[in-house]
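Engineer: Starting off with a structure, shown below.
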Amino acid sequence: MLNTTPALAVAPLPALVWAFRIAEDGRAEELDVVRPIAPVADGWLWLHFNLVDTRCGAVLRTFPDLPDEAVEALLGPDTHQQLQVDGDCVYGVIADLGREFEGVTEELRLLHFAMRERVLVSARRRALNAVDEVRQLLRAGRRVESPAALIELVIDHVVDAIDRLADTLALDMDRIEERILDLETSDERRKLGAFRRTTVRLHRQLAGLRALFHRFEAIEPEELAPALRLDAVRLSQRLDGLDQEIDALRDRARMLQDELSSQLVEETNRNLRALSIVTIMFLPPTLVAGFFGMNLKGMAFADGETGFWAGVIVSALSSLIVYLLLRWRGLTRG
Numbered sequence: 058m059l060n061t062t063p064a065l066a067v068a069p070l071p072a073l074v075w076a077f078r079i080a081e082d083g084r085a086e087e088l089d090v091v092r093p094i095a096p097v098a099d100g101w102l103w104l105h106f107n108l109v110d111t112r113c114g115a116v117l118r119t120f121p122d123l124p125d126e127a128v129e130a131l132l133g134p135d136t137h138q139q140l141q142v143d144g145d146c147v148y149g150v151i152a153d154l155g156r157e158f159e160g161v162t163e164e165l166r167l168l169h170f171a172m173r174e175r176v177l178v179s180a181r182r183r184a185l186n187a188v189d190e191v192r193q194l195l196r197a198g199r200r201v202e203s204p205a206a207l208i209e210l211v212i213d214h215v216v217d218a219i220d221r222l223a224d225t226l227a228l229d230m231d232r233i234e235e236r237i238l239d240l241e242t243s244d245e246r247r248k249l250g251a252f253r254r255t256t257v258r259l260h261r262q263l264a265g266l267r268a269l270f271h272r273f274e275a276i277e278p279e280e281l282a283p284a285l286r287l288d289a290v291r292l293s294q295r296l297d298g299l300d301q302e303i304d305a306l307r308d309r310a311r312m313l314q315d316e317l318s319s320q321l322v323e324e325t326n327r328n329l330r331a332l333s334i335v336t337i338m339f340l341p342p343t344l345v346a347g348f349f350g351m352n353l354k355g356m357a358f359a360d361g362e363t364g365f366w367a368g369v370i371v372s373a374l375s376s377l378i379v380y381l382l383l384r385w386r387g388l389t390r391g
């Protein structure tokens, strides 16, 4: 029997969020985390830890059957994804969407894990969506045959959640596209910028996860136990299809941004054209007003009772003449 829990586990494990004992037939039994976790003679354990708890590092380092590299991957910072094989241990870091009280978020977080035939140890710093969904499935009676099957189930739920998020983004982009076609471009730039950032982040993580499973498929040793064998081909195909969808959304967001920018530039040019025309039309009246405003003898209309109105008529005629000239040259169109 493998020693799958810390040596002398006579007390509850600190930083433990939840624990399941999975029987040989895949049935899961949730364990009380405030009690000591006993080793299993048959089946295996799933232990999920909170890395924010400062006691977590000391606990994980007491697992004698986990290689040092696996422990470091469990405790390492949330910087990048990885998937490694070390003898009869598979460990890594994979992306998952976050979960808050309100539901699933668009923020990508990381799940750290290490598994052997008799134990799966996972850890996170902030609440994760797919991991919590798998936990609820086990509570509802879902059977999981092996640690590798549980990790596959987590990744399937990651893909499903991102797929739902992609559908939501696509619908939002449809509405924005309709508004752009209707020339209603009030505040769509900020929304498109947020959508584009989301798709870029999703694409970056999915591309990394795809690369991990393609590489795992190539390096997976023949002697690896069946309980640790991930179906890398199936997972890669799912991730490939989803990444193509996210990539298409990213390109669409960029094209909508370009279209919106083009419309805004065109609108700015129209406003500048209108302002220029108004300025040009008011130049002659300004000149006339300045000319007649000279306090000199012999000025036209200075001695008549209707001199003011004559000046107004001259100013209006000068603006009309300028407008007709602009129209004749086609400068007032568009």
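Take the sequence shown: its position 10, counted from the start at 1, is 67 in our numbering, and no numbers get skipped. In this text, a Cβ means the ideal position worked out from N, Cα and C, and glycines have one as well.
At a cut of 8 Å, does the region 300-314 reach the region 324-341 through at least three beta carbon pairs?
Structural biologist: Contact between the region 300-314 and the region 324-341 is absent, because fewer than three Cβ pairs lie under 8 Å.
Engineer: Please report how far the alpha carbon of L353 lies from the alpha carbon of E316, in whole angstroms.
Structural biologist: The pLDDT assigned to L353 is 48, lower than 50, so where the model puts this residue is not dependable; a value taken from the coordinates is nonetheless given after this. When rounded, the distance between both Cα atoms is 58 Å.
Engineer: Starting from I233, trace the beta strand (DSSP E) in both directions and tell me its first and last residue.
Structural biologist: From DSSP, I233 is part of no beta strand (DSSP E) but of the alpha helix (DSSP H) over P204 to L238.
Engineer: First and last residue of the beta strand (DSSP E) that includes A76?
Structural biologist: First-last of the beta strand (DSSP E) with A76: L73 to I79.
Engineer: Within a Cβ cutoff of 6 Å, which residues of the same chain sit near V190, ignoring the five residues on either side of it in sequence?
Structural biologist: Looking at the sequence shown, residue 190 is not Val but Glu. Cβ within range, chain order: H214.
Engineer: Of the residues C113, E86, L263 and A227, which one's Cα is nearest the Cα of S179?
Structural biologist: Comparing Cα positions, the closest option is C113.
Engineer: The alpha helix (DSSP H) spanning H271 covers which residue range?
Structural biologist: Here the alpha helix (DSSP H) through H271 covers E245 to I276.
Engineer: Taking the straight line between their C-alpha atoms, what separation do you get for R384 and T336?
Structural biologist: Their Cα atoms are separated by approximately 15 Å.
Engineer: Do the CB positions of T255 and L226 come within less than 8 Å of each other?
Structural biologist: Their beta carbons are under 8 Å apart, which means T255 touches L226 by this criterion.
Engineer: With a CB to CB cut of under 7 Å and the five nearest residues on each side skipped, what residues in its chain are close to S293?
Structural biologist: Answer for S293: R267, F270, H271 and E274, listed in chain order.
Engineer: Am I right that V103 and F77 are in contact with their C-beta atoms under 8 Å? What's the rounded C-beta distance?
Structural biologist: Strictly speaking, residue 103 in this sequence is Trp, with Val absent from that position. The pair is a contact, with the Cβ atoms about 4 Å apart (cut-off 8 Å).
Engineer: For L70, does the three-state DSSP call read helix, strand or coil?
Structural biologist: Correct three-state label for L70: coil.
Engineer: L285 and E174: beta carbons closer than 8 Å?
Structural biologist: Their beta carbons are under 8 Å apart, which means L285 touches E174 by this criterion.
Engineer: Could you tell me the boundaries of the alpha helix (DSSP H) in which D153 lies?
Structural biologist: Element bounds for D153: not the alpha helix (DSSP H) but the beta strand (DSSP E), C146 to E157.
Engineer: May I have the straight-line CA-CA distance separating G149 from L259, to the nearest angstrom?
Structural biologist: Those two C-alpha atoms are separated by around 19 Å.
Engineer: Do you know offhand how far V109's Cα is from I237's?
Structural biologist: For V109 and I237, the distance between alpha carbons rounds to 45 Å.
Engineer: Taking DSSP as the reference, what is the three-state secondary structure of L353?
Structural biologist: Residue confidence for L353 is low, a pLDDT of 48 falling below 50, so the modelled location carries little weight; the figure read from the coordinates is stated next. L353: coil per DSSP, three-state reduction.
Engineer: Could you check the C-alpha separation between L59 and P283 for me, to the nearest Å?
Structural biologist: Low per-residue confidence applies at L59: pLDDT is 46, beneath 50, and the placement is therefore not dependable enough to give any value.
Engineer: Check for me: the alpha helix (DSSP H) holding D125 runs from which residue to which?
Structural biologist: Segment D125 to L132, the alpha helix (DSSP H) holding D125.
Engineer: Give the single residue among L382, N186, V176 and H137 whose Cα lies nearest to the Cα of D99.
Structural biologist: Cα-wise, what sits closest to D99 is V176.
Engineer: Nearest by alpha-carbon distance to G83: which of P93, A68, W101 and M172 is it?
Structural biologist: G83 has its Cα closest to that of W101, out of P93, A68, W101 and M172.
Engineer: Just to confirm before moving on: does the CB-CB distance between L132 and A152 stay below 8 Å?
Structural biologist: No, the Cβ-Cβ distance between L132 and A152 is not below 8 Å.
Engineer: Short of 8 Å in beta carbon distance, which residues of its chain neighbour E279, apart from the five on each side in sequence? Order them along the chain.
Structural biologist: Hits under 8 Å: none found.
Engineer: What three-state label does DSSP hand T136 in the structure shown?
Structural biologist: Residue state, collapsed to three classes: coil.
Engineer: In the DSSP output, which residue or residues are listed as bridge partners for E86?
Structural biologist: DSSP, once it has assigned bridges, lists R78 as partnering E86.
Engineer: For A180, does the three-state DSSP call read helix, strand or coil?
Structural biologist: Strand, per DSSP.
Engineer: Relative to the C-alpha of D288, which residue among L73, C146, L210 and V97 is closest?
Structural biologist: Nearest option by C-alpha distance: L210.
Engineer: Give a yes or no on whether the C-beta atoms belonging to V216 and L299 are separated by under 8 Å.
Structural biologist: Going by C-beta atoms, V216 is nearer than 8 Å to L299.
Engineer: Between the C-alpha atoms of L140 and I233, what's the straight-line distance to the nearest angstrom?
Structural biologist: Rounded to whole angstroms, L140 to I233 spans 39 Å at the Cα level.
Engineer: State the DSSP-derived secondary structure class of A98, mapped to helix, strand or coil.
Structural biologist: A98 falls in the coil class under three-state DSSP.
Engineer: In its own chain, which residues sit with a C-beta less than 7 Å from the C-beta of L185, not counting the 5 before and 5 after it?
Structural biologist: The answer, listed in chain order, is D153, G155, R156, R166 and L168.
Engineer: Nearest by alpha-carbon distance to R311: which of G250, V90, F158 and M172 is it?
Structural biologist: Considering only alpha carbons, the answer is G250.
Engineer: Using 8 Å as the threshold, is the C-beta distance between A130 and M172 below it?
Structural biologist: The answer is no: Cβ separation not under 8 Å.
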